[in-house]
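Colleague:
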Amino acid sequence: MVKIQKLDMVSAAENSGSLVRLLQDSVKNGASVSFLNPLSDSAAESYWREVFSEINSAQIIVWAAFDDSDNLIGSVQLAPAKMQNAKHRAMVQKLMVNSNHRREGIGNALMDALELEAKNLGKKLLILDTRVGDPSEILYQKKGYVNFGTVPSYAMNSSHDFDDMAFYFKII
54 MVKIQKLDMV
64 SAAENSGSLV
74 RLLQDSVKNG
84 ASVSFLNPLS
94 DSAAESYWRE
104 VFSEINSAQI
114 IVWAAFDDSD
124 NLIGSVQLAP
134 AKMQNAKHRA
144 MVQKLMVNSN
154 HRREGIGNAL
164 MDALELEAKN
174 LGKKLLILDT
184 RVGDPSEILY
194 QKKGYVNFGT
204 VPSYAMNSSH
214 DFDDMAFYFK
224 II
């Protein structure tokens, strides 16, 4: 059974190596998470150091999924909006599931934890983006996210071509 845990600074630091490997695995296997393949150890470590700083300053909330052997196999982030007129919304970021554990309900469980916390924080609107055609689109649509537009050539991919990006929202 998968265990979902909200990470604090201590648990994030304890799992930093696993988070680096999860990010690298996700990038290597084509996930739409804003990095290009190959992703170096130093770039992945630098990214997670920034996230840890944001956890510490309550700018971001991170959940991790662990298998029965306590191996970290997934993660997702919630970034509450900071603007005064946007306190009701948050961004869903970096939904990642280890490539050996996809299609096992882990992404769904991570999103359930994120949405529950968002509701508890008084958020009413969640927004996310993903590459058009990415497998994550199926999950987001099943969870009730609504596509509100596509931007052509939004992000460069590892082949140095440009991908269209789909934007989604969900009222919670």
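Note that my numbering numbers the sequence shown so that position 30 is 83, with each residue one more than the last. Yeah, the Cβ is synthetic: ideal placement off N, Cα and C, and Gly gets one too. For clarity, every value in this text was computed on a predicted model and none was experimentally measured.
For P205, which residues of its own chain have a beta-carbon under 7 Å away from its beta-carbon, when the five flanking residues on both sides are left out?
Modeller: Cβ within range, chain order: D217.
Colleague: According to DSSP, simplified to helix, strand and coil, what is F242?
Modeller: Outside the shown range of the chain, which is 54 to 225, sits residue 242, and nothing can be said about it.
Colleague: Report the three-state DSSP secondary structure of L178 (helix, strand or coil).
Modeller: strand
Colleague: Are the CB atoms of K177 and H141 nearer to each other than 8 Å?
Modeller: yes
Colleague: Going by alpha carbons, who is nearest to S231 out of N68, D78, I57?
Modeller: The chain is shown only over 54 to 225; residue 231 falls outside these bounds and no answer can be derived.
Colleague: If you drop the 5 nearest sequence neighbours on each side, which residues of the same chain put their C-beta closer than 6 Å to that of L192?
Modeller: Excluding positions up to five away in sequence, the list reads G160.
Colleague: Starting from the C-beta of V199, find all residues in its chain whose C-beta is less than 8 Å away, skip the five residues before and the five after it, and write them out in chain order.
Modeller: Y221, F222, K223
Colleague: Pick from A208, M136, I57, F201: whose alpha carbon is nearest that of S127?
Modeller: It should be pointed out that residue 127 corresponds to Gly in this sequence rather than to Ser. Nearest option by C-alpha distance: I57.
Colleague: Taking the alpha helix (DSSP H) that A139 falls in, what are its first and last residues?
Modeller: No alpha helix (DSSP H) contains A139, which DSSP labels as neither H nor E.
Colleague: Can you round the beta-carbon distance between A219 and M149 to whole angstroms, since I take them to be within the 8 Å contact cut?
Modeller: So it is not a contact: roughly 18 Å between Cβ atoms.
Colleague: Count the C-beta pairs between the region 179 to 198 and the region 108 to 124 that are closer than 8 Å, then say yes if the count reaches three, no if not.
Modeller: no
Colleague: Cutting at 8 Å between CB atoms, please list the residues of its own chain near T203, excluding the five before and the five after it.
Modeller: V185, D217, M218, A219, F220
Colleague: Using a threshold of 8 Å, state whether the C-beta atoms of I114 and E170 are closer than that.
Modeller: yes
Colleague: At which residues does the beta strand (DSSP E) containing M54 begin and terminate?
Modeller: Unbroken run through M54: none, as it is neither H nor E.
Colleague: For K172, which option in D61, A143, A139 has the closest C-alpha, if you only look at C-alpha atoms?
Modeller: If we check each option's Cα against that of K172, A143 comes out closest.
Colleague: Apart from the five residues just before and just after M164, which ones in its own chain have a Cβ nearer than 6 Å to its Cβ?
Modeller: K196
Colleague: Considering V267, what are the terminal residues of the beta strand (DSSP E) in which it resides?
Modeller: Examination of residue 267 is not possible in this model, given that the chain is present from 54 through 225 alone.
Colleague: Considering only DSSP beta bridges, list what R184 is partnered with.
Modeller: M218
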